[in-house]
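What follows is a set of notes on a single structure, which appears directly below.
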Ligand code: PCA
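Numbering (the working numbering), first residue to last: 855 to 1059.
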């Protein structure tokens, strides 16, 4: 059976909920026929998140890695095209780190492309009636950093892992009653979206 490592992040920036964590936890409760799903919630901490992730990768040896993060303000489910070699945190992480314009790896390439079938993902999500689009920037915060480091390890060690990052919008419950005039999707929609993503990634592997 194929192994899929699904990661998401804890809340950050003073918020109490992270849509990616909510969706990942909801998926953990579902049974998948053709895949062993491991869910890992990472801290929003510049160094710890990557350390925990690399340990989990080494221990689990997954076939597919699906990294999720919340991008408040986005309207759609957005598979990321590329991770770039810059840390430039717009707000401090949960441990107070706020690098400005530092390379993630001074010796590393400018970027790494996603290993996920991003065009097919968007097409299948839209076909199911879920708003989706390719994103050309994962930001310069922790999501981009995690994405970069995971793709770097896969490239360096020539691991047979299909990996990539997807940002999700806020959930309705994060917006309603919080005075936020920003877009959101329902939990059911995001869970369905990730079920589709998992199916497409496994079929493609
Ligand atoms: N989103 C942030 C980090 C954690 C998360 O869910 C980001 O986009 O970098």
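Heads up, the beta-carbon is just placed ideally off N, CA and C, and yes, glycines get one too. Treat the numbers as computed from the prediction; the structure is a model and nothing was measured.
| Check | Outcome |
| --- | --- |
| Stretch-stretch touch, CB-based, cutoff 8 angstroms, three pairs: the stretch 968-985 with the stretch 923-936 | yes |
| Closer than 7 angstroms: residue 898 CB and nearest ligand 1 heavy atom | yes |
| Three-state class that DSSP yields for residue 921 in the structure shown | strand |
| Rounded C-alpha distance that separates residue 966 from residue 1022 | 20 angstroms |
| Unbroken beta strand (DSSP E) run spanning residue 966, endpoints | 965-967 |
| Residue 973 classed as buried or exposed, judged by whether at least 16 other C-beta atoms fall within 10 angstroms | exposed |
| For residue 1050, three-class secondary structure by DSSP | helix |
| DSSP-derived helix/strand/coil call for residue 894 | strand |
| Assumed close pair residue 880, residue 862 - CB separation to whole angstroms, cut-off 8 angstroms | 10 angstroms between Cβ atoms; not a contact. |
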